[in-house]
Amino acid sequence: MEFFKANLNINFMGLRSITAVISAILLIAALAAILINGLKWGLDFTGGTQFEVAYADRVNISEVRQQLVAQGFRDPQVISYGTSREILISIAPRDELDQATMLTRLKEILPENAKVKRVEFIGPQVGKELAVKGILAIIVAMIGTMIYIALRFEYRFAVSAIIALIHDPLLIVGVFAFLQIDFDLKTLAALLAVIGYSLNDTIVVFDRVRENFRKLRRMSPIEVMNRSINQTLSRTIMTSVLTLMVVVALFVYGGETIRGFSLALTIGIVVGTYSSVYVAGSLAILLGLKREDLLPIAKDNLGEEP
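With the sequence shown counted from 1, adding 732 to any position gets you the numbering used here.
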C-alpha cells in the first residue's frame, strides 16, 4: 500500500534552510521553557505519600480525584489497584501537610464502608535515583545508537542521527515544561520510545541513501537524498499515521493516568517524522556526505592470478 506515487519528486532538501531556522527557533523556545519554568516532576521523582484504599463497591476514580482536589490536594493520582473496588491514591509532598493531616483529610471524603489498608511514604531520595537512572538510560541509548550507525553506515550519518534524536525529545520536554505537565517515569518511557521510533525512520532513509549512492552515479548528494526520502515517504507517512491514530485514542480515552505518556508519544511521532525527513538528511549533507563515503571498499587483488 502506498499513499504516494513511486516516482514522486518533492524537493525536500530545497527547504532545508527554512526547516533549519524552524528547528532552531523551536529548540530555543524549548530550552527557554525548561530553564525558565523547569519541569514539573511527577511523584516518581519527587516522592510523596501513597494510600491504598478498599471500597465495598466499585469505585468511580474520576469522582474520587475531584473530591481530593476539592479537599486541597494538588494533582492527586488515583488508579485502580488489584480490583475495581481498590484504589491507590498518590499525593505529592507539601510543607504544610504532614502524613497524619493528609490521612485525616482523606478519611473525611471516604464513605463509611471504605477502609485505608496501607499508608506508605516514598522519600525524595528514591525519586533522585530514578531521575539519574532515567538520564543514564537515554545517554547509553544514544551512545549505542551512534556506534551502531557509524559501523553500519558512516560517521556523518551517526552524528546527524544523534543530533536529530536529541532534537526530538528536547522539543517534547520543552512542551512539558511550558505547559507544566507532570513529568514521570511513564513520560520518560515515552521519550525512549520516541527515540527508537525516530531512529527507525532515519535508518530506513539512510539505508536507501546508501543504496542510491551506489546505483545513481550521476546524481549529486542533494539529489540522492531527495530521491531517497521520496522513495520512503509512503512508508514513513503510513507508519506515522497509523501509530498516531492509536496514540491519539489513548490520549482521548486513556484517562489521566497515561495522559502524559500519550501526549509525549503524540508529539514525538509528529516531530520524529519531521526530523527523519528534514533534520537528519540535511545535517548529513551539511557535514559533507559524498558518494565515495558509502561506496564498498575495493578488494586488493595484488598477488592473484589474472
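We treat Cβ as the ideally placed atom computed from N, Cα and C, and that holds for glycine. Remember, predicted model here, so these are calculated numbers, not experimental data.
Name the one or two DSSP bridge partners that Phe889 has.
DSSP output for Phe889 lists no bridge partner at all.
Across the region 994-1008 and the region 889-909, are there enough close Cβ pairs to call them in contact, namely three or more that are closer than 8 Å?
Three or more pairs of CB atoms, one per stretch, sit closer than 8 Å, so the region 994-1008 contacts the region 889-909.
Entirely enclosed beta strand (DSSP E) segments - the region 794-853, minimum 3 residues:
Annotation note: the region 794-853 contains the following uninterrupted beta strand (DSSP E) runs of length 3 or greater, listed N- to C-terminal: 809-813, 815-823.
Have a look at the DSSP bridge pairing and note the partners of Ala786.
Answer is Glu818, Lys847.
Collapsed DSSP secondary structure at Gly866 in the structure displayed:
Correct three-state label for Gly866: helix.
Nearest-angstrom Cα distance between Lys865 and Lys847?
Near 36 Å, if we compare the C-alpha coordinates of Lys847 and Lys865.
Spatial distance of Gly1107 from Ser930 (CA atoms)
Because the chain in this structure spans residues 733 to 1038, residue 1107 falls outside the shown range and cannot be described.
Using a Cβ-Cβ cut-off of 8 Å (strictly less than) and excluding sequence neighbours within five positions of Leu903, which residues of its own chain qualify?
Only Leu758, Leu759, Ala762, Ile999, Val1003 meet the Cβ criterion.
My assumption, with CB atoms under 8 Å, is that Ala1044 sits in contact with Phe993. Please give the rounded CB distance.
Here the chain covers residues 733 to 1038 and nothing more, so residue 1044 does not appear.
Roughly how many angstroms separate the alpha carbons of Leu997 and Ala756, rounded to a whole number?
For Leu997 and Ala756, the distance between alpha carbons rounds to 21 Å.
Could you spell out the range, first to last residue, of the alpha helix (DSSP H) harbouring Phe744?
Looking at the DSSP string, Phe744 is not in any alpha helix (DSSP H), and its letter there is neither H nor E.
Alpha carbon to alpha carbon, what distance is there between Val905 and Leu740?
Approximately 35 Å between the Cα atoms of the pair.
Alpha carbon of Asp807 to alpha carbon of Ala824, nearest angstrom:
Looking at the two C-alpha atoms, the distance is approximately 8 Å.
Check this for me: beta carbons of Leu820 and Ile811, under 8 Å apart or not?
With a cutoff of 8 Å on beta-carbon distance, Leu820 and Ile811 are scored as near each other.
Establish whether the CB of Asp939 and some CB of chain B are separated by less than 8 Å.
Among the protein chains of the structure shown there is no chain B, as only one such chain exists.
Taking Cβ to Cβ, would you say Ser960 is nearer than 8 Å to Val926?
At least 8 Å separates the beta-carbon of Ser960 from that of Val926.
Counting C-beta neighbours from all protein chains within 10 Å, is the total for Thr781 16 or more, i.e. buried, or is it exposed?
Classification of Thr781: buried, given that the 10 Å Cβ count is 16 or more.
Measure the Cβ-Cβ separation of Glu795 and Glu818 and say whether it is below 8 Å.
No; because the gap between Cβ atoms is not below 8 Å, this pair is not in contact.
Beta-carbon proximity of Gly774 to Phe983, cut-off 8 Å
Against a cut-off of 8 Å, the Cβ pair of Phe983 and Gly774 comes out as no contact.
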